[in-house]
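Participant: Before anything else, here's the structure in question.
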Amino acid sequence: MIKMNLVAAFAFLCLFTVEPWRVCSQQQQQRLLVNMTLVPSARASGALCLDGSLPAYHLHRGFGAGKDNWLLQFEGGGWCNDLKSCLDRAKTRRGSTRYMTKWEVFSGILSNNATLNADFYNWNRVKLRYCDGASFTGDAVFTNKTTTLHFKGQKIWEAIIRDLLPLGLGKARKALLSGCSAGGLATFHHCDNFAKYLPTNASVKCLSDAGFFLDERDISLNHTMRYNFKSLVQLQGIEKNLNGNCTRALYFPDLCFFPQYALRYISTPYFILNSAYDVFQVIFFSNILYCTLS
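According to the numbering used here, the sequence shown holds residues 23 to 316 in order.
Written out as structure tokens, the structure is:
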């Protein structure tokens with residue numbers, strides 16, 4: 023059986039939110055640090071991280087001409103598609119807000135620097151923290167005598183949106199849903215749903231950065247990524263949250279987790295940013311990293 027343990031190793035693919043490894047003291051003083059907001063209401067709907075902790079986001083308010091515009095960005099960080107990798111993940115910042123930094127640097131597309139981020143610097147900018155291991159799409163619970171794992175990415179997405187709507191998102195004039203890597207994949211699955219929350223006259227678009235993961239054979243002619251995503255969909259109860267038009271059209275509904283199958287059914291305007299030589303996928307399809315056989 024082929025398993026995957028795709029973790030945060032490829033987060034460097036995110037072109038918009040990468041920070042330099044080292045910055046001078048002057049740059050550090052200019053960094054925009056944004057505090058974490060937990061979502062207490064999420065517990066009632068079971069919208070919990072893998073370990074049962076509350077989901078969270080970081081919000082920096084817009085101003086001036088951008089005060090009614092919103093940019094939401096899904097955090098990336100791989101997936102977990104078996105119980106062992108999910109149990110391990112639940113003990114890290116990828117599966118629990120308990121281990122996350124409470125302050126996040128907003129840089130790149132989240133920056134408030136007009137010189138560096140001319141299009142969005144004065145928008146309301148939100149970073150959705152990633153703690154479910156399935157690109158914000160799962161809806162299941164695993165329980166045994168010693169452990170409970172909450173696969174509730176879909177519920178987390180809904181809970182955060184409900185928290186933001188009364189803060190002004192519900193009256194947005196312009197809105198962009200974005201994400202990087204596993205977060206970029208999440209934008210494919212939530213783009214149309216995002217638009218439905220907003221006013222009918224709002225201008226809504228989506229952007230996936232390094233999130234176009236391919237259903238292709240690897241160098242050994244195996245469908246490694248397909249099997250990995252299939253086990254992820256099954257474990258985390260994802261199929262019911264995939265695009266219904268897509269799942270009805272395909273003999274194997276779990277394939278709709280791949281952007282190449284889901285994209286044709288997305289009606290909201292969509293931008294795709296992806297390297298022609300995506301480092302993670304080149305390595306993955308070379309079958310030399312992230313794949314273990316047992």
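We treat Cβ as the ideally placed atom computed from N, Cα and C, and that holds for glycine.
How many whole angstroms separate the CB atoms of His80 and Asn103, which I take to be in contact at a CB cut-off of 8 angstroms?
Facilitator: On the sequence shown, residue 80 is found 58 positions in, with the first residue counted as 1. On the sequence shown, residue 103 is found 81 positions in, with the first residue counted as 1. Not really, about 27 angstroms apart at Cβ, beyond 8 angstroms.
Participant: Check for me: the beta strand (DSSP E) holding Tyr292 runs from which residue to which?
Facilitator: Translated into the one-based positions of the sequence shown, residue 292 becomes position 270. Here the beta strand (DSSP E) through Tyr292 covers Tyr292 to Leu295.
Participant: Tell me which same chain residues have a C-beta within less than 7 angstroms of the C-beta of Thr209, skipping the five on either side of it?
Facilitator: Position 187 of the sequence shown, counted from the start, is the residue given in the question as residue 209. Only Phe96, Leu199, Ser200, Gly201, Cys228, Leu229, Ser230 and Gly233 meet the Cβ criterion.
Participant: DSSP beta-bridge partners for Cys202?
Facilitator: Counting from 1 along the sequence shown, the entry for residue 202 is found at position 180. Cys202 is bridged to Asp231.
Participant: With C-beta atoms as the reference, is Asn161 less than 8 angstroms away from Phe173?
Facilitator: Sequence index remark: in the sequence shown, residue 161 carries index 139 (1-based). Sequence index remark: in the sequence shown, residue 173 carries index 151 (1-based). The question names Asn, but residue 161 in the sequence shown is Asp. Cβ atoms of Asp161 and Phe173: closer than 8 angstroms.
Participant: For Gly86, count the other beta carbons within 10 Å of its own beta carbon; 16 or more makes it buried, fewer makes it exposed. Which is it?
Facilitator: Position 64 of the sequence shown, counted from the first residue, corresponds to residue 86. Label assigned to Gly86: exposed.
Participant: Is Cys268 near Tyr287, with beta carbons less than 8 angstroms apart?
Facilitator: What you label residue 268 is simply residue 246 of the sequence shown in a count that begins at 1. What you label residue 287 is simply residue 265 of the sequence shown in a count that begins at 1. Contact flag set, yes.
Participant: Pull up the distance between the alpha-carbon of Phe279 and that of Ser225, whole angstroms please.
Facilitator: By one-based count along the sequence shown, residue 279 stands at place 257. By one-based count along the sequence shown, residue 225 stands at place 203. Whole-angstrom Cα-Cα distance: 26 angstroms.
Participant: Taking the beta strand (DSSP E) that Asn57 belongs to, which residues open and close that run?
Facilitator: Here the question's residue 57 lines up with position 35 in the sequence shown. Per DSSP, Asn57 belongs to the beta strand (DSSP E) from Leu55 to Leu60.
Participant: Enumerate in chain order the residues of its own chain whose CB-to-CB distance from Asn296 is below 7 angstroms, with the five nearest sequence positions on each side excluded.
Facilitator: Position 274 of the sequence shown, counted from the start, is the residue given in the question as residue 296. Cβ within range, chain order: Ala232 and Phe234.
Participant: Can you tell me whether Ala298 is helix, strand or coil according to DSSP?
Facilitator: Counted from its first residue, the sequence shown places residue 298 at position 276. Reduced to three states, the DSSP call for Ala298 is coil.
Participant: So who's on the other strand from Gln176, going by DSSP bridges?
Facilitator: Here residue 176 corresponds to residue number 154 of the sequence shown, with the count starting at 1. DSSP output for Gln176 lists no bridge partner at all.
Participant: Note down, in chain order, each residue of its chain lying with its Cβ closer than 6 angstroms to the Cβ of Cys46, except the 5 sequence neighbours on either side.
Facilitator: Within the sequence shown, numbered from 1, the residue matching residue 46 stands at position 24. Caution is warranted here: a pLDDT of 36 is assigned to Cys46, below 50, making its placement in the model unreliable, and no coordinate value can be reported.
Participant: Below 8 angstroms between beta carbons: does that hold for Ala112 and Leu171?
Facilitator: Numbered from its first residue, the sequence shown carries residue 112 at position 90. Numbered from its first residue, the sequence shown carries residue 171 at position 149. Yes, Cβ-Cβ distance for Ala112 and Leu171 is below 8 angstroms.
Participant: Can you tell me where the beta strand (DSSP E) with Gln258 in it begins and where it stops?
Facilitator: Your numbering for residue 258 matches position 236 in the sequence shown. Gln258 -> no beta strand (DSSP E), and no H or E assigned at all.
Participant: Mind checking which residues open and close the beta strand (DSSP E) that includes Arg111?
Facilitator: Taking the sequence shown and counting its residues from 1, the one referred to as residue 111 is at position 89. Note, Arg111: premise wrong, no beta strand (DSSP E); alpha helix (DSSP H) at Leu105 to Arg111.
Participant: Please state whether DSSP places Phe264 in a helix, a strand or coil.
Facilitator: Stepping through the sequence shown from its first residue, residue 264 is reached at position 242. Looking at the sequence provided, one finds Leu at residue 264 rather than Phe. Residue state, collapsed to three classes: coil.
Participant: Are there 16 or more other CB atoms within 10 angstroms of the CB of Tyr273, so buried, or fewer, so exposed?
Facilitator: Sequence index remark: in the sequence shown, residue 273 carries index 251 (1-based). Tyr273 comes out exposed.
Participant: How would you call Pro62, buried or exposed, if buried means at least 16 neighbouring beta carbons within 10 angstroms?
Facilitator: In the sequence shown, counting from the first residue as 1, residue 62 sits at position 40. Label assigned to Pro62: exposed.
Participant: Can you look up Cys46 in the DSSP assignment and give me helix, strand or coil?
Facilitator: In the sequence shown, the residue the question calls residue 46 occupies position 24. Confidence is the limiting factor: at Cys46 the pLDDT is only 36, short of 50, which leaves the residue's position unreliable, though a coordinate-based value still follows. Looking at Cys46 - three-state DSSP - the assignment turns out to be coil, as it is neither helix nor strand.
Participant: Which residues bound the alpha helix (DSSP H) around Tyr273?
Facilitator: For the purposes of this step, residue 273 is taken as residue 251 along the sequence shown, with counting starting at 1. Careful: Tyr273 lies outside any alpha helix (DSSP H) and carries neither H nor E.
Participant: Identify, in the order they occur along the chain, each residue of the same chain with its Cβ nearer than 6 angstroms to the Cβ of Leu277, setting aside the five sequence neighbours on each side.
Facilitator: Position 255 of the sequence shown holds residue 277. Tyr283.
Participant: Please report the residue range of the beta strand (DSSP E) in which Ala284 lies.
Facilitator: As a position in the sequence shown, residue 284 is number 262, starting the count at 1. Counting along the chain, Ala284 falls outside any beta strand (DSSP E), though it belongs to the alpha helix (DSSP H) covering Pro281 to Ala284.
Participant: For Lys124 and Cys153, I'd like the C-alpha separation in whole angstroms.
Facilitator: Residue numbering aside, residue 124 sits at position 102 when the sequence shown is read from its first letter. Residue numbering aside, residue 153 sits at position 131 when the sequence shown is read from its first letter. Between Lys124 and Cys153, the C-alpha separation is close to 14 angstroms.
Participant: Asn135 lies in the beta strand (DSSP E); which residues open and close that run?
Facilitator: Within the sequence shown, the letter at position 113 stands for residue 135. Neither: Asn135 is in no beta strand (DSSP E) and is coded neither H nor E.
Participant: Taking the alpha-carbon positions, what's the Arg289 to His212 distance?
Facilitator: Translated into positions along the sequence shown, residue 289 becomes position 267. Translated into positions along the sequence shown, residue 212 becomes position 190. For clarity, residue 289 is Ser in the given sequence; the question names Arg instead. Each residue's Cα considered, the two are about 11 angstroms apart.
Participant: Out of Ser118, Gly100, Ala140 and Ala156, which one is the CA nearest neighbour of Glu261?
Facilitator: The count along the sequence shown starts at 1 and reaches residue 261 at position 239. For Glu261, the nearest C-alpha among the options comes from Ala156.
Participant: Any idea if Ile241 is buried or exposed, counting beta-carbon neighbours within 10 angstroms, 16 or more meaning buried?
Facilitator: Counted from its first residue, the sequence shown places residue 241 at position 219. Ile241 should be labelled exposed.
Participant: Output needed for Gly175: all residues of its chain with C-beta closer than 6 angstroms, excluding positions within five of it in sequence on either side, in chain order.
Facilitator: Here residue 175 is taken as the residue at index 153 of the sequence shown, counted from 1. Cβ within range, chain order: Asp154, Ala156, Phe158, Thr159 and Gly160.
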